[in-house]
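J.:
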Amino acid sequence: MQALPLPDGVVLLQAVVPPEHQEEVVRILLEGSTVDLDDELDGSKYHDNPFLAFCQLFALRWKRKEEANDPIPSFVDALSQEVHDRLYGEGGIYPKEENGCSEDHLGRPCSCADRTPMLPRSTVLNCVETLAYRANTQRGYHRDAHWMVGLSFGCSVRMGFRRHDDQDSTEVTIPSGGAVLFNGALHQHAVLDIVEGTAPLWWSYPFARVVFLMRDARQSFQAHKRRQKRREAALQGGKEAAAVAAERMAAKEADQEERDQTKSNYDIII
Numbered sequence: 157m158q159a160l161p162l163p164d165g166v167v168l169l170q171a172v173v174p175p176e177h178q179e180e181v182v183r184i185l186l187e188g189s190t191v192d193l194d195d196e197l198d199g200s201k202y203h204d205n206p207f208l209a210f211c212q213l214f215a216l217r218w219k220r221k222e223e224a225n226d227p228i229p230s231f232v233d234a235l236s237q238e239v240h241d242r243l244y245g246e247g248g249i250y251p252k253e254e255n256g257c258s259e260d261h262l263g264r265p266c267s268c269a270d271r272t273p274m275l276p277r278s279t280v281l282n283c284v285e286t287l288a289y290r291a292n293t294q295r296g297y298h299r300d301a302h303w304m305v306g307l308s309f310g311c312s313v314r315m316g317f318r319r320h321d322d323q324d325s326t327e328v329t330i331p332s333g334g335a336v337l338f339n340g341a342l343h344q345h346a347v348l349d350i351v352e353g354t355a356p357l358w359w360s361y362p363f364a365r366v367v368f369l370m371r372d373a374r375q376s377f378q379a380h381k382r383r384q385k386r387r388e389a390a391l392q393g394g395k396e397a398a399a400v401a402a403e404r405m406a407a408k409e410a411d412q413e414e415r416d417q418t419k420s421n422y423d424i425i426i
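Heads up: the sequence shown runs through residues 157 to 426, numbered per this note's numbering.
1. Using DSSP with H/G/I as helix, E/B as strand and the rest coil, what is Val172?
2. Can you list, in chain order, the residues of its chain whose CB lies under 7 Å from that of Glu179, leaving out five sequence neighbours each side?
3. Of the residues Phe363, Pro175, Met304, which one's Cα is nearest the Cα of Ala373?
4. Using a 10 Å radius around the Cβ and a threshold of 16 neighbouring Cβ atoms, would you call Pro175 buried or exposed?
5. Between the beta-carbon of Arg97 and the beta-carbon of Ile350, is there less than 8 Å?
6. Using CA atoms only, rank isn't needed, just tell me which of Val400, Cys283, Gly394 is closest to Ser230.
7. Taking only three categories from DSSP, how would you classify Ser200?
8. Does DSSP classify Arg318 as helix, strand or coil?
9. Is Leu185 near Val336, with beta carbons less than 8 Å apart?
10. So what does DSSP say about Ile249, is it helix, strand or coil?
11. Buried or exposed: where does Val400 fall if 16 or more other Cβ atoms within 10 Å of its Cβ makes it buried?
12. From Arg415 to Gly393, what does the alpha carbon distance come to, in whole angstroms?
13. Just to check my reading of the structure: Thr272 and Gly165 have Cβ atoms closer than 8 Å, yes? What is that Cβ distance to the nearest angstrom?
14. Among the candidates Gly316, Glu246, Asp233, whose CA atom is the shortest distance from the CA of Val167?
15. Report, in whole angstroms, the separation of the C-beta atoms of Ala209 and Gly333, which I expect to be a contact under 8 Å.
16. Go ahead and label Asn339 buried or exposed: buried means 16 or more other beta carbons lie within 10 angstroms of its beta carbon, across all protein chains shown.
17. Is the distance from the Cβ of Val347 to the Cβ of Val313 below 8 Å?
18. At 3 residues or longer, and completely inside the stretch 286-333: list those beta strand (DSSP E) runs for me, N to C.
19. Beta-carbon within less than 7 Å of Ala355's beta-carbon, same chain only, minus the 5 sequence neighbours each way: which residues are those?
20. Give the single residue among Tyr250, Glu352, Ala406 whose Cα lies nearest to the Cα of Leu160.
21. Using C-beta distances below 8 Å, list every residue in its chain close to Gly248, excluding the 5 sequence neighbours before and after it, in chain order.
22. In terms of DSSP beta bridges, what is Ala209 paired with?
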């Protein structure tokens with residue numbers, strides 16, 4: 157595996173799985189999930205729905221160490237360690253002392269001294285979500301809640317990354333067996349194209365591309381807690397704003413009543 161730094165902290169991981177091992181790895185990852193591809197991809201779920209660019213095949217998360225010998229957790233754990241080696245190890249693309257930005261900032265502008273996003277050293281890949289894509293399809297710019305490694309097999313995929321709507325995007329093409337590392341909360345990212353006819357010769361699956369999105373479940377949980385706090389703060393802020401508005405309305409009505417009473421008394425005197 158080779159790590160190639162791209163603009164704004166996106167990292168292209170080249171040759172994560174060499175061509176001679178890709179067929180076996182895809183088989184292990186798909187069959188190890190116990191997913192029934194025929195059931196997942198039948199009828200209107202996929203083939204008969206021209207508007208469905210992709211579908212989720214399965215999502216797995218594991219905690220216990222005894223699961224480390226299972227095929228998928230074992231593969232993801234080994235990949236997690238190798239990613240860290242390519243980033244922070246000898247000759248890695250990150251400096252020995254982490255001085256970049258490892259916060260997601262919830263998609264907001266970063267005020268760190270070094271704005272380069274860097275994968276937190278504490279990150280351990282321990283869950284995977286698998287998506288299957290059609291050829292010649294797109295997925296618009298969006299954000300997720302955490303860092304992730306997206307490992308692709310099948311047709312090459314062209315992706316775009318940017319921090320903000322008004323920022324020029326960074327585009328990268330990821331061939332079969334390659335991956336990309338990025339902060340899904342900080343970077344807007346999009347699938348710009350699934351390039352038809354670029355899959356390996358052994359590829360025989362009923363979809364053009366499969367991507368294994370690997371994350372640290374703890375970051376997902378922390379992101380959920382942050383979202384919950386924001387919701388609670390927004391709700392509390394809404395209540396406070398409503399209370400202030402009610403007070404103002406009551407004061408305005410009281411003032412209007414006083415004016416009406418004064419006018420009524422004036423009319424009686426006249």
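Built from N, CA and C at the ideal position, the CB exists for glycine as well. Bear in mind that the values here come from a model prediction, so they are computed numbers and not experimental data.
T.: According to the structure data:
1. For Val172, the secondary structure class from DSSP, reduced to helix, strand or coil, is coil.
2. In chain order, Trp358 place their CB closer than 7 Å to the CB of Glu179, counting only its own chain and leaving out the 5 sequence neighbours on each side.
3. The shortest Cα separation from Ala373 among Phe363, Pro175, Met304 belongs to Met304.
4. With fewer than 16 other beta carbons inside 10 angstroms of its own, Pro175 counts as exposed.
5. The question about residue 97 has no answer, for the chain in this structure spans 157 to 426.
6. The shortest C-alpha separation from Ser230 is found at Cys283.
7. Note that Ser200 scores 48 on pLDDT, short of 50, meaning its location in the model is unreliable and no value can be drawn from it.
8. Arg318: strand per DSSP, three-state reduction.
9. Taking 8 Å as the Cβ cut-off, Leu185 and Val336 do not qualify as a contacting pair.
10. In the structure shown, Ile249 sits in coil (DSSP, three-state: anything other than H, G, I, E or B).
11. Result: exposed.
12. Their Cα atoms are separated by approximately 33 Å.
13. About 5 Å separates the two Cβ atoms, so the contact holds.
14. Looking at the Cα atoms, Gly316 is the closest of the given residues.
15. Their Cβ separation, rounded to whole angstroms, is 22 Å, which puts Ala209 and Gly333 out of contact at 8 Å.
16. Sixteen is the threshold: when 16 or more other Cβ atoms of the shown chains lie within 10 Å of the Cβ of Asn339, as they do, the residue is buried.
17. Yes, they are a contact pair.
18. The beta strand (DSSP E) runs of length 3 or more contained entirely in the stretch 286-333 are, from start to end of the chain, 295-298, 303-310, 313-318, 326-330.
19. The answer, listed in chain order, is Gly310, Cys311, Ser332, Ala364.
20. The option with the nearest alpha carbon to Leu160 is Tyr250.
21. Closer than 8 Å at Cβ, skipping near neighbours: Ala159, Asp241, Arg242.
22. None, per the DSSP bridge assignment.
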